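From first to last, the protein sequence lines are chains A and B. Each residue of the first sequence is one higher than the one before, counting from 44 in this note's numbering. Each residue of the second sequence is one higher than the one before, counting from 40 in this note's numbering. Note that CB positions come from ideal geometry on N, CA and C, so glycine has one too. Given the structure is predicted, the values throughout are model-derived calculations rather than measurements. Right, one structure below, let's go through it.
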Amino acid sequence: MAPPTAPRPARSAFALVGERVVESLVYLCGISAIVFVFGIFFFVFKEGAPMLGKLNFAEFFLSKEWIPTSSVQPKYGIGALIVGTLSVTFLAMFIAVPFGLGAAVFVSEFCSGKVKETLKIVIELLAAIPSVVWGFIGLSVMNRVIIGLFDVPVGVNLLNAALLLALMSVPIMVSIGEDALKAVPDSYREAGIALGATRWQLVYRVLLPAAKNGLLAAVLLGVGRAIGETMAVLMATGHSINIPQSIFDPVRTLTATIAAELGETSQGSNHYQVLFLIGVVLFSITFVVNFLADLAVKGVKKQ
Amino acid sequence: MTKPNSLLRGICDSATLALACVVFLSGCGKSGTQSSSGGGSEKKTTVANIGSDTMVNIAAAWAEAYGAVDKTVLIEVNGGGSGVGIKGLINGTAEIANSSRHIEDKERAELKEKRQLDAKEFIVGIDALSIYVHKDNPLNEITMEQLGEIYRSDGKITKWTELGVSSIPGGKGDEIIRVSRQNNSGTYEYFKEVVVGKRNEFKLGSLDMNGSKDVVELVGKTPNAIGYSGMGYANPSVKTIKVAKKKGDPYVAPSIATTQDKSYPIARPMFVYTAGEPAPHLKKYIDWTLSEEGQKLLLSTGYVPVPKK
């Protein structure tokens, strides 16, 4: 039998109202994220929408001929740009995921005290470097290094940009990944050790499965960083409309195209609207990535 | 206990909603009205200066510096393209039109018909483009035809050996790396006009840099590269090569002198147009841009001054 509810201490009407106001404000803050996302999507779409009727979609997505300012026959094919974006992102993740997660495991499980603190600070410093600076490093330092090391004619290419993006997304992966590993209860570790697991067995049999969700989130935040990055890829990919045959080919990404061309197009022109449609395409790509991630996390949870 | 609670919650919710609306709306209103207020106490005449994107940097630099010369005039600079500027002149929305090309006869006639005014032309500067290669590249000269073959979409030259360069110190392979500009820059437009051809397109796959400086930077770091950029952007890591109009013509290096006497082929005048004789305050401004101070500013932004008469 439930005990009778004890009379609550009386609160002043003022406190009560205050609490409600704060509550609603917090609610509003939560809702605002949704409003902002849809607002941004709406306005970007609105700018690009008039172009929808004038575009041939097969050509828009599949053609690699991007000649928007032609006086003879403008062509709006973003095929090469999509391939460029995806290839840079994939290569960057190929490099960054092992390093990022490895570093997260090392920082959280294998080192302690001073080493840990120093490492964390240095990794966070890596995140604080502005992307223009990365781009400049790509353009003036890595360019020459890649030409010299790999015997290729041009050093601003897929590999150059992917290396920079990997370096840029590693800090996010490390800090989120480390948080995820830290959140695994100590009892798991103790149980593992009690069963005679070595440190390595502990990591990959116990901790990695237990922190799967958090680690996946870490990787996906890295992917988001790589897809959305603009300035560094603008300077380091070579910004060339080209479907890459090897990792040493220059490419061009969707974000860099918008950044380079939006500034001087006249508002409302076809070129301007197509650039906004590219924005919508980017938005959709990110949406799909997040959606898949959500599904993956749900799948992981079910197990 | 529950009833007043939910009532209160309802009131609070609607109150915050209303508050949010007010904040949002007031935010919207503000952005529209702010721009109209001028800074100083004295009355300023505002001059609309619209046109060429190539010239927008120098026009803005002039307008800013002119603020100190004549405090009664405020020059408002906008880009949009040469055509937009001249259109503004015809519609009366611009007092000064910047143009990197001659006014067309059709536009001249339209201005005459609509406003009964003749377009008045001033040459305020010259835009010269240098052709850059890496400093170790043995190539010293090139013809306009060869440049066209390199950059045009149906052009045949893709290898350095085809230009007579057998090996570039530090270079890898024989491929010519074309460095270009993003497709809406005035430099790109102009290079297209004189080298690629108006009816042609650029060959896809060039490295399209986002700034004049980036072009020179990249060429300086890439032994196999060739690129074009403003004359003022040269640095020790690149070599400016001489250009001939066609095979057999003398090869000319870009300089202030060769640009001014028109012997360097990749240079064009930059125009300013007014509708009819410019009003005194406009005349004063245009004269000032042609003065020593104005031309010095022009030189420092990478353009070539107008030859003195």
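- Mind pulling the chain B residues with CB within less than 9 Å of A:P111? N222 and N223, listed in chain order.
- Using DSSP with H/G/I as helix, E/B as strand and the rest coil, what is B:N88? In the structure shown, B:N88 sits in a strand (DSSP, three-state: E or B).
- Message: Within 9 Å of any Cβ in chain B, is that where the Cβ of A:Y128 sits?
- Response: Correcting the residue type first, residue 128 of chain A is Thr in the shown sequence and not Tyr. Answer no: the Cβ-Cβ gap between A:T128 and chain B never drops below 9 Å.
- Any Cβ of chain A within less than 9 Å of the Cβ of B:E352? This structure gives no information on residue 352 of chain B, because the portion of chain B shown stretches from 40 to 348.
- Query: Who are the near neighbours of B:L156 in its chain, counting only those whose CB is closer than 7 Å to its CB and skipping five residues on each side?
  - Reply: Answer for B:L156: L150, A314 and G315, listed in chain order.
- Item | Burial state of B:D288 (16 or more Cβ within 10 Å) | An exposed status is given to B:D288, since fewer than 16 other beta-carbon atoms sit within 10 Å of its beta-carbon.
- Message: Could you check whether the Cβ of B:M270 sits closer than 9 Å to any Cβ belonging to chain A?
- Response: Interface annotation, B:M270: not in contact with chain A, CB-CB separation never under 9 Å.
- Message: According to DSSP, simplified to helix, strand and coil, what is B:S192?
- Response: Three-state result, B:S192: coil.
- Message: Tell me the residue span of the beta strand (DSSP E) that contains B:M248.
- Response: Where B:M248 is concerned, the enclosing beta strand (DSSP E) stretches over L246 to M248.
- Message: Only counting the same chain, and skipping five residues up and downstream in sequence, which positions put a Cβ closer than 7 Å to that of B:R220?
- Response: Answer for B:R220: T226, Y227, D247, M248 and V254, listed in chain order.
- Taking Cβ-Cβ distances below 9 Å as the criterion, which residues of the region 242-274 of chain B are in contact with chain A? Cβ contacts with chain A come from L243, G244, S245, L246, D247, M248, N249, D253, E256, L257, G259, K260, T261, P262, N263 and A264.
- Query: At a Cβ threshold of 9 Å, is B:G119 touching chain A?
  - Reply: Yes, its Cβ sits closer than 9 Å to a Cβ of chain A.
- Using the rule of at least 16 other Cβ atoms within 10 Å of the residue's Cβ for burial, across every protein chain shown, is A:I77 buried or exposed? A:I77 is exposed by the Cβ-count criterion.
- Element boundaries [alpha helix (DSSP H), containing B:H141]: Counted as a single uninterrupted DSSP element, the stretch harbouring B:H141 is not any alpha helix (DSSP H), since DSSP gives it neither H nor E.
- Task: Starting from A:R242, follow its DSSP beta bridges and name the residues at the other end.
- Result: Its beta-bridge partners do not exist; DSSP assigns none.
- Top-ranked residue by Cα proximity to A:V246, from A:E152, A:A139 and A:K89: Considering only alpha carbons, the answer is A:E152.
- Three-way DSSP call (helix, strand, coil) for A:Y119 in this model: A:Y119: strand per DSSP, three-state reduction.
- Message: Would A:A146 and A:V65 qualify as a contact pair, given that the criterion is a beta-carbon distance under 9 Å?
- Response: Their beta carbons are not under 9 Å apart, which means A:A146 does not touch A:V65 by this criterion.
- DSSP on A:L263, reduced to helix/strand/coil? The answer is helix: DSSP assigns A:L263 an H, G or I state.
- Query: Which residues in the same chain as B:E146 place their Cβ atom closer than 6 Å to its Cβ, once the five residues preceding and following it in sequence are excluded?
  - Reply: Contacts found: I125.
- Would you say B:E201 reaches chain A, if we count a Cβ-Cβ gap shorter than 9 Å as a contact? The beta-carbon of B:E201 is placed no less than 9 Å from the nearest beta-carbon of chain A.
- Query: Can we say the region 260-271 of chain A touches the region 120-135 of chain A, given the rule of at least three CB pairs closer than 8 Å?
  - Reply: Because the criterion of three Cβ pairs below 8 Å is met, the region 260-271 of chain A and the region 120-135 of chain A touch.
- Would a check of beta-carbon distances place A:M44 closer than 9 Å to chain B? Low per-residue confidence applies at A:M44: pLDDT is 49, beneath 50, and the placement is therefore not dependable, though the value from the model is reported in the following sentence. No, its Cβ sits nowhere closer than 9 Å to a Cβ of chain B.
- Along chain B, which residues have their Cβ under 8 Å away from the Cβ of A:T251? Here the sequence assigns Leu to residue 251 of chain A, which means Thr is not the residue at that position. Ordered by position in chain B, no residue passes the 8 Å Cβ test against A:L251, which lies about 42 Å from the chain.
- Query: Any idea if B:I215 is buried or exposed, counting beta-carbon neighbours within 10 angstroms, 16 or more meaning buried?
  - Reply: Of the other Cβ atoms in all chains shown, 16 or more fall within 10 Å of the Cβ of B:I215; this residue is therefore buried.
- Item | B:P308 in three-state terms, based on DSSP | Here B:P308 carries a strand assignment [DSSP, helix/strand/coil].
- Query: When you compare only the Cα positions, how much space is there between B:L336 and B:P317?
  - Reply: Distance between the alpha carbons of B:L336 and B:P317 is about 22 Å.
- Query: Is B:N274 buried or exposed, if buried means 16 or more other CB atoms sit within 10 Å of its CB?
  - Reply: When all chains shown are included, B:N274 counts as exposed.
- Under 9 Å between the Cβ atoms of B:S432 and B:T340? In the structure displayed, chain B extends from 40 to 348; residue 432 of chain B sits before or after that span and is not available.
- Item | Given 8 Å, three or more beta-carbon pairs between the region 171-178 of chain B and the region 259-279 of chain B | In short, these stretches touch, since the Cβ pair count reaches three.
- Message: Give me, in chain order, the residues of the same chain whose beta-carbon lies closer than 6 Å to that of B:A99; leave out the 5 immediate sequence neighbours on both sides.
- Response: So the list reads V116, once near-sequence residues are dropped.
- Item | Residues that B:E240 contacts on chain A, provided the C-beta gap is smaller than 8 Å | Within 8 Å Cβ-Cβ: I110, S113 and V115.
- Query: Counting pairs of beta carbons, one from the region 249-259 of chain A and one from the region 164-180 of chain A, are three or more of them closer than 8 Å?
  - Reply: No: the two stretches stay apart, fewer than three of their Cβ pairs being nearer than 8 Å.
- Taking the continuous alpha helix (DSSP H) assigned at A:A92, which residues delimit it? For A:A92, no alpha helix (DSSP H) encloses it, and the DSSP letter there is neither H nor E.
- Task: Specify the secondary structure class of B:D109 as computed by DSSP and reduced to three states.
- Result: Residue state, collapsed to three classes: coil.
- Query: Would you say A:P347 reaches chain B, if we count a Cβ-Cβ gap shorter than 9 Å as a contact?
  - Reply: Nothing can be reported for residue 347 of chain A: it is not among the residues displayed for chain A, which extend from 44 to 346.
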